[in-house]
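Asks: One point on numbering: in full-length UniProt numbering, the residue at position 297 of the sequence shown is 297, and numbering is uninterrupted.
The C-beta atom is built at its ideal place from N, Cα and C for all residues, glycine as well.
The structure follows.
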Amino acid sequence: MKKLSLVISAALISSSIALSSSPAFANLPLAVEGKTLPSLAPMLERTTPAVVSISVKGTHEVNQRVPDAFRFFFGNPRRNQQPQERPFQGLGSGVIIDADEGYIVTNNHVVDEADEILVTLKDGRQLEAKKIGSDAESDIALLQVKDDDLTEIKVSDSDQLRVGDFAVAIGSPFGLGQTVTSGIVSALGRSGLNIENFEDFIQTDAAINSGNSGGALVNLRGELIGINTAILGPNGGNVGIGFAIPSNMMNNLVKQIIEFGEVRRGVLGVAGRSVNGEIAKAMALETTQGGFIEQVVADSAAAEAGIKAGDVITKVNGKMVKTFAELRGKIGSIGAGKKVKLTVIRDGKEKRFTVKLKQAESANVEAASIHRMLDGAELDNAADGKGIEITDVEDGSAAEAVGLQAGDVITGVNRKDIATIAELRNYLKDNTGVLALKVERGNRAMYLMIR
């Protein structure tokens with residue numbers, strides 16, 4: 001579980017909104033003047049089957065302090081710290097966003113380092129899940145299960161949210177099973193909380209507690225508006241201040257994970273800080289909100305678009321940004337190569353720029369999640385869009401054993417042409433047994449067999 005000083009909620013609480021069965025409530029009418037009393041039950045009956053419980057098992061490395069009496073036998077070494085593998089178990093929640101593909105979104109911290117991931121559906125069915133990819137910096141992970149009878153949730157446009165909109169949280173707190181709580185959207189664009197590296201949170205007063213991480217925050221139509229992630233609670237309990245990753249941010253990240261197996265984060269190439277009263281006075285600004293640009297990196301996306309030091313970015317794709325951290329969070333969820341429209345205040349005048357984001361320093365695709373015999377290879381979609389480039393192969397790995405080398409380009413499997421990592425993943429998940437990878441190496445084409 002994470003903390004803000006806050007405590008990260010392992011998912012959102014979901015205590016049901018049922019009325020007490022005490023005699024005081026036993027004779028309440030179901031309707032008044034012929035009109036049915038309002039209830040969230042119909043919406044929840046449609047929506048809650050798309051929210052799952054997640055249990056994980058794994059091992060992680062911890063440093064075991066060696067007693068002083070044995071210090072001599074362990075050499076110099078780092079203050080007598082000896083690494084040990086220790087087992088762990090954890091609980092959280094997740095949301096089915098694609099029933100056909102079996103895709104489930106959760107928080108990265110729920111499944112991080114897990115060797116076994118078990119998903120429990122609302123009807124009690126249990127399914128083994130595999131991790132397709134994750135992004136620790138935004139705390140999003142994508143899982144996949146195989147089942148022909150799943151219920152998905154409709155994803156809403158979180159940019160349309162307003163403070164005061166009703167919100168309902170669904171998850172499995174404290175291992176109790178699925179629970180529902182309700183509240184409102186308390187604030188939007190929360191950042192600077194130091195929970196994640198990229199922050200643009202929805203704040204809600206719907207109760208969130210330990211075990212709810214990765215659960216759903218939905219609107220009154222039952223549409224997903226956020227992934228519950230954290231609470232502000234000095235003692236680990238709910239105090240009515242919870243945080244969820246907006247559905248649009250989640251959607252941007254998940255699309256990248258599905259296509260590449262990783263997040264290909266877009267980079268603007270600026271450094272700066274939030275506008276405040278002092279900066280506004282010093283720079284003669286008429287606004288006290290936005291991201292003040294102190295420096296533009298040479299040859300960056302921002303530089304090529306014409307952004308300059310001293311500019312104040314106030315909107316991203318037409319949506320207001322109040323702080324530099326919020327600007328960073330929004331840009332950080334948009335994929336490399338994507339175009340964004342920025343509204344800038346320069347010399348008291350509003351200007352608009354279209355910026356094509358460049359790629360952040362690359363992270364490795366989890367090749368083993370595509371096929372075990374690709375473990376140890378780093379994959380990238382070829383620049384010309386005609387295959388998958390092997391950018392590196394680890395010595396002694398499974399990928400090296402099947403004959404793959406850095407610089408190879410996979411262009412097909414069996415007799416099917418393959419152009420992207422996403423196509424390779426989709427083909428291999430539905431085909432087993434011996435497979436022939438068509439590989440181009442320099443001017444030669446060859447087939448390498450994997451099983």
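Could you round the C-beta distance between V312 and G269 to whole angstroms and report it? I think they count as a contact, below 8 Å.
Replies: Within the sequence shown, numbered from 1, the residue matching residue 312 stands at position 312. Within the sequence shown, numbered from 1, the residue matching residue 269 stands at position 269. V312 to G269, Cβ: 17 Å. No contact.
Asks: Roughly how many angstroms lie between the CA atoms of I421 and N381, to the nearest whole one?
Replies: The count along the sequence shown starts at 1 and reaches residue 421 at position 421. The count along the sequence shown starts at 1 and reaches residue 381 at position 381. Answer to the nearest angstrom: the Cα atoms are 6 Å apart.
Asks: Decide if K438 is buried, meaning its Cβ has at least 16 other Cβ atoms within 10 Å, or exposed.
Replies: By 1-based counting over the sequence shown, the position of residue 438 is 438. Buried, because 16 or more other Cβ atoms sit within 10 Å of the Cβ of K438.
Asks: Is it true that the stretch 241-261 meets the stretch 271-286, where meeting means three or more beta-carbon pairs spaced less than 8 Å apart?
Replies: Flag = no, the stretch 241-261 and the stretch 271-286 do not touch.
Asks: Which residue wins for smallest C-alpha separation from Y103, given the options T411, V254, V316 and F353?
Replies: Here residue 103 is taken as the residue at index 103 of the sequence shown, counted from 1. Of the candidates T411, V254, V316 and F353, the one whose C-alpha sits nearest the C-alpha of Y103 is V254.
Asks: Could you give the distance in angstroms between the alpha-carbon of G348 and the alpha-carbon of T323?
Replies: Position 348 of the sequence shown, counted from the first residue, corresponds to residue 348. Position 323 of the sequence shown, counted from the first residue, corresponds to residue 323. C-alpha separation (whole angstroms): 18 Å.
Asks: Going by the DSSP bridge assignment, what does V145 pair with across the sheet?
Replies: Indexing the sequence shown from 1 puts residue 145 at position 145. Note: V145 sits in no beta bridge, so no partner.
Asks: Which parts of the stretch 383-420 are runs of the alpha helix (DSSP H), unbroken and 4 residues or longer, counting only runs that do not cross its ends?
Replies: With a minimum length of 4 residues, the continuous alpha helix (DSSP H) runs that stay inside the stretch 383-420 are 398-401.
Asks: For the alpha helix (DSSP H) containing V110, list its first residue and its last residue.
Replies: As a first step, residue 110 is located in the sequence shown; it is residue number 110 there, counting from the start. V110 -> alpha helix (DSSP H) spans N108 to V111.
Asks: Any beta carbon of chain C sitting closer than 8 Å to that of S186?
Replies: Note that chain C does not occur in the displayed structure, where there is just one protein chain.
Asks: Quick check on DSSP: helix, strand or coil for N252?
Replies: Your numbering for residue 252 matches position 252 in the sequence shown. If DSSP states are grouped into helix, strand and coil, N252 belongs with the helices.
Asks: Taking the beta strand (DSSP E) that M43 falls in, what are its first and last residues?
Replies: Taking the first residue of the sequence shown as position 1, residue 43 is located at position 43. Unbroken run through M43 is the alpha helix (DSSP H), A41 to T47; no beta strand (DSSP E).
Asks: In terms of residues, what are the limits of the beta strand (DSSP E) holding F292?
Replies: On the sequence shown, position 292 is the one that residue 292 refers to. G291 to V296 is the extent of the beta strand (DSSP E) around F292.
Asks: Apart from the five residues just before and just after I334, which ones in its own chain have a Cβ nearer than 7 Å to its Cβ?
Replies: Counting from 1 along the sequence shown, the entry for residue 334 is found at position 334. Result list for I334: N252, G266, V340 and L357, in chain order.
Asks: What are the residues that DSSP puts in a beta bridge with Q203?
Replies: The residue labelled residue 203 in the question sits at position 203 within the sequence shown. A187 and F243.
Asks: With distances taken Cα to Cα, identify the nearest neighbour of residue 474 among D149, D408, K131 and E440.
Replies: As shown, the chain starts at 1 and ends at 451. That puts residue 474 outside it, with no answer to give.
Asks: Pop quiz: F198 and E137 are said to be a contact at Cβ under 8 Å. What is the actual Cβ separation, rounded to whole angstroms?
Replies: As a first step, residue 198 is located in the sequence shown; it is residue number 198 there, counting from the start. As a first step, residue 137 is located in the sequence shown; it is residue number 137 there, counting from the start. That pair is a contact at about 5 Å.
Asks: Let's see if you can read the secondary structure: which residues bound the alpha helix (DSSP H) around residue 462?
Replies: The displayed coordinates of the chain run from 1 to 451. Any statement about residue 462 would go beyond what the structure contains.
Asks: Short of 6 Å in beta carbon distance, which residues of its chain neighbour S21, apart from the five on each side in sequence? Order them along the chain.
Replies: Taking the sequence shown and counting its residues from 1, the one referred to as residue 21 is at position 21. With a pLDDT of only 39 at S21, under the threshold of 50, the placement of this residue in the model should not be trusted; the figure read from the coordinates follows. For S21, where only same-chain residues beyond five positions count, there are no Cβ hits under 6 Å.
Asks: Return yes when the Cβ of A336 is within less than 8 Å of the Cβ of Q359, no when it is not.
Replies: Residue mapping note: residue 359 aligns to position 359 of the sequence shown, counting from 1. Residue mapping note: residue 336 aligns to position 336 of the sequence shown, counting from 1. Contact: yes.
Asks: Are the stretch 165-173 and the stretch 205-212 touching by the rule of at least three beta carbon pairs closer than 8 Å?
Replies: Contact between the stretch 165-173 and the stretch 205-212 is present, because at least three Cβ pairs lie under 8 Å.
Asks: Name, in chain order, the residues that DSSP records as bridge partners for R352.
Replies: Here residue 352 corresponds to residue number 352 of the sequence shown, with the count starting at 1. For R352, which the question treats as bridged, DSSP gives the partners T343.
Asks: My understanding is that L224 touches V95, with C-beta atoms under 8 Å, so please give their C-beta distance in whole angstroms.
Replies: As a first step, residue 224 must be located in the sequence shown, where it is residue number 224. As a first step, residue 95 must be located in the sequence shown, where it is residue number 95. Yes, they are in contact, since the Cβ atoms of L224 and V95 sit about 6 Å apart, within 8 Å.
Asks: Check the DSSP bridge columns for S55 and list the partner residues they point to.
Replies: The sequence position of residue 55 within the sequence shown is 55, counting from 1. In DSSP, S55 forms a bridge with L91 and L118.
Asks: Quick check on the burial criterion: 16 or more other C-beta atoms within 10 angstroms. Buried or exposed for A309?
Replies: Within the sequence shown, residue 309 is the residue found at index 309, counting from 1. A309 comes out exposed.
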